[in-house]
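A quick write-up on the structure given underneath.
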Amino acid sequence: MTGVRAFGSRWGAGAVGLVAVVAVWWIAGVFEWFKGTIPTPFAVLRAIGEQGSEFYSTNFTPTIELALRGFLWGNLLAIVLALLVVIIPLIEGLATQLAIISYCTPLIAVAPIVQVAFAEVQTMIVFLAAISVFFTTMIGTLTGLRSPQQASLDLVRVYGGGAFSQLVRIRLIAAVPNILGALKIAGPAAVLGAVLGEFLSMPEQGIGPALILAQQQAAIPQVWAIALLAGVIAGIGYAIVSVVSVFATRWSTGNAVFA
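If you count the sequence shown from 1, you need to add 66 to reach my numbering.
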């Protein structure tokens, strides 16, 4: 049960940190730091209650759907490209440059080009969400695929296996921890990319338009409520992958899953 205890201790430390953040937040709201632009947690909760579940389901569901589509497409393309680099080393330079460009180019600079290229607003948002996750997953996957010991690869070669056999039998299994580590970061990044895409394209519904409308109305608790719940959604994505990672990593390293 060592793995389970370690898992519990990490979550316990996270809970303590969360309580500390809420305490500082409450003090900042009560004493009106930053000219009253920080509401108390109670004011934010009250704003959530006043807006109601229908408001959040109407505006959050489209964003979550688009972020999920961007998450799937961006990670799929990143993993496939990393696999191709291992099989065809000649394309590594091009693939790495493509990943670096996607990471270094600000999304706000790419958005106008994407908006012209894609007629549909949803396609643009999905594209920006996919770009947000591409670099991390591609580099993480490539690092994991190259992590096996040379002796394991040589053993496959001795038995007649080529690069593809090494990939399937050794590299993919060894890359599981790195891939899942990248996916943990990709979850919140996809949500951020989708929200930014909504800020720029202004669809009828979504977290982005809801935030802009609340800002225009100077409804500070409402702005915080929307932003806080958006962060919760991103955190849920991170947590789901983290839970899967605990067991998948132990499986890939040959340890008992529930040890």
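We treat Cβ as the ideally placed atom computed from N, Cα and C, and that holds for glycine.
Rounded distance between the beta-carbons of residue j and residue i, thought under 8 Å
i	j	result
I343	I306	Not covered by the structure: residue 343. The range shown for the chain is 67 to 325.
L149	L233	7 Å
S267	I191	6 Å
F241	L219	According to the sequence as given, residue 241 is Ala; it is not Phe. Incorrect: roughly 13 Å between the Cβ atoms, too far for contact.
R235	V152	No, R235 and V152 are not in contact; Cβ-Cβ is about 13 Å, not under 8 Å.
L300	P269	First, the amino acid is wrong: residue 300 is Ala here, not Leu. With 8 Å as the limit, A300 and P269 do not qualify as a contact, their Cβ atoms being about 19 Å apart.
A195	A133	5 Å
T315	P243	4 Å
G272	P128	5 Å
F137	A293	With a Cβ gap of about 20 Å, F137 and A293 do not count as contacting.
V180	F193	5 Å
A109	G95	7 Å
A252	N125	In fact, because the Cβ distance is near 23 Å, the residues do not count as touching under 8 Å.
G140	I197	7 Å
I239	S318	5 Å
Limits of the unbroken alpha helix (DSSP H) element including residue i
i	result
A280	273-282
F313	286-318
F97	Here F97 belongs to no alpha helix (DSSP H), and DSSP marks it neither H nor E.
What are the complete alpha helix (DSSP H) segments, minimum 4 residues, inside the segment 145-216? Complete alpha helix (DSSP H) runs here, min 4: 158-170, 173-183, 187-211.
For the segment 108-123 against the segment 167-174, do three or more pairs of beta-carbon atoms, one drawn from each stretch, fall closer than 8 Å, so that the two count as touching? With contact defined as three or more Cβ pairs closer than 8 Å, the segment 108-123 and the segment 167-174 are not in contact.
Between the segment 221-229 and the segment 250-265, can you find at least three pairs of beta-carbon atoms closer than 8 Å? no
State whether the segment 285-292 contacts the segment 92-112, with contact taken as three or more CB pairs (one from each stretch) at a distance under 8 Å. yes
Mind pulling the alpha helix (DSSP H) runs of 4 or more residues that sit fully within the segment 222-262? 229-232
Decide yes or no for the touch test of the segment 247-256 against the segment 196-211: beta carbon pairs closer than 8 Å, at least 3 of them. yes
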